[in-house]
Amino acid sequence: MRRVIDHDLITLVTRLLVGVIFIYASYYKIVEPAAFARSIWYYHMVPGTLINLMALFMPWLELVCGVCLILGVCYRGAIVLVNLMALVFLVALSTAIARGINIDCGCFKAAQASSESAWEALWFDLGLVVLTLQLLFSRSRRWMLTRV
Amino acid sequence: MVFKQAIILVVVTSVLAFGVNLISPNAIPYIGNYRSLYTGSGPIVPPEAQLGDPHFIAVDVAELDFSSSEAVFVDSREPQEYNCGTIPGAICIPFDFLPEGDLTPYFDSALGYISRDSRIVTFCSGEECDLSLHLSRNMQDVGYTDVVIFFGGSREWEKYELPIQRRIQCDE
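Chains as they are written, first to last, in this note's numbering: chain U, 9 to 156; chain G, 2 to 173.
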């Protein structure tokens, strides 16, 4: 198991995959911050005064972390932040489903009412958590611009 | 080292996020003006409510029911008022036009033969209108077990800028 987690090639592929997912996910949110803000409001979890700040900050954090993962710059910091974000998404989706707010996640486009896609998004996010955890525990540092 | 890197990334992100928003054509205010649907005062309950009546719900609960798409919203007003503006997707069952006698077939037909344990939210125009209370009592008598009353009605719904479906243009 340890060898799989530390495998250079597996770590590289996971890094690139997670990096691309985060960069892709950030695109619509950066282009349409108002729509993303409404998606956040839809979850009824964030106080109204913080919604726009979060809508502006989160997508750029996704973009910056995605780029850092791919290039291997500020790598450890990016991994921790990516894991935190994946965890936040997981908690938000789970509690939304538990409270009957059946919407899709708003991960790649504005959130809409949809009971099936909420579950799909949850499974997708669980898969993402597995990938980010692999990166968190992997000791491989090959093919990175910096070694820390 | 990890903590230091994370701080650097957060600072860089903050500069980018809030800086780009200054020049972006799609800029949004840093502090949004979002309504808080949770009023803290609970649902509006009319003085004529009695023990055993269906539960009354506040606007935040009504909105959650609306978002979940699992509740059936029933407008208890006349068709004219319903057409002027109602909660999107609501069914019009005017209390004043209920037929005499057994209401079971009427409700079955009007509600599309939904199961008796389906969530039903009745509403009217606002606090001055008790049609939703009377209609929900009738529904409860027929055997619907999860009927609730949104007594704030379409006026409170509109007050919180929630979506309204207008079939005709009406004078205020």
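Idealized CB from N, CA, C, for every residue including glycine. Nothing here was measured: the structure is a model prediction, and the numbers come from that model.
Secondary structure of residue i, DSSP reduced to three states
i, result
"His56 of chain G", "strand"
"Cys93 of chain G", "strand"
"Phe65 of chain U", "helix"
"Val148 of chain G", "strand"
"Thr87 of chain G", "strand"
"Gln6 of chain G", "helix"
"Gln166 of chain G", "strand"
"Asp103 of chain G", "coil"
"Tyr36 of chain U", "helix"
"Ile78 of chain U", "helix"
"Cys171 of chain G", "coil"
"Cys115 of chain U", "coil"
"Glu129 of chain G", "coil"
"Ile48 of chain U", "helix"
Burial state of residue i (16 or more Cβ within 10 Å)
i, result
"Ser110 of chain G", "exposed"
"Ala106 of chain U", "exposed"
"Gln166 of chain G", "exposed"
"Asp118 of chain G", "exposed"
"Phe98 of chain G", "exposed"
"Gln6 of chain G", "buried"
"Glu82 of chain G", "buried"
"Arg168 of chain G", "exposed"
"Thr103 of chain U", "exposed"
"Val96 of chain U", "exposed"
Where the beta strand (DSSP E) containing residue i begins and where it ends
i, result
"Thr123 of chain G", "120 to 124"
"Phe74 of chain G", "73 to 76"
Bounding residues of the alpha helix (DSSP H) (the contiguous stretch that carries residue i)
i, result
"Ser148 of chain U", "Note, Ser148 of chain U: premise wrong, no alpha helix (DSSP H); not H, not E."
"His135 of chain G", "132 to 143"
"Leu92 of chain U", "83 to 106"
"Val12 of chain U", "10 to 14"
"Glu157 of chain G", "154 to 160"
The region 16 to 48 of chain U: which residues have C-beta closer than 7 angstroms to a C-beta of chain G, in chain order?
-> Val39, Glu40, Pro41, Ala42, Ala45
Residues from the region 137 to 165 of chain G in contact with chain U, defined by Cβ distance under 9 angstroms | none
Interface residues of the region 6 to 23 of chain G facing chain U [CB-CB below 7 angstroms] | Gln6, Ala7, Ile9, Leu10, Val13, Thr14, Ser15, Leu17, Ala18, Phe19, Asn22
When Cβ atoms are compared, which residues of the region 80 to 99 of chain U fall closer than 7 angstroms to chain G?
-> Cys82, Arg84, Gly85, Ala86, Val88, Leu89
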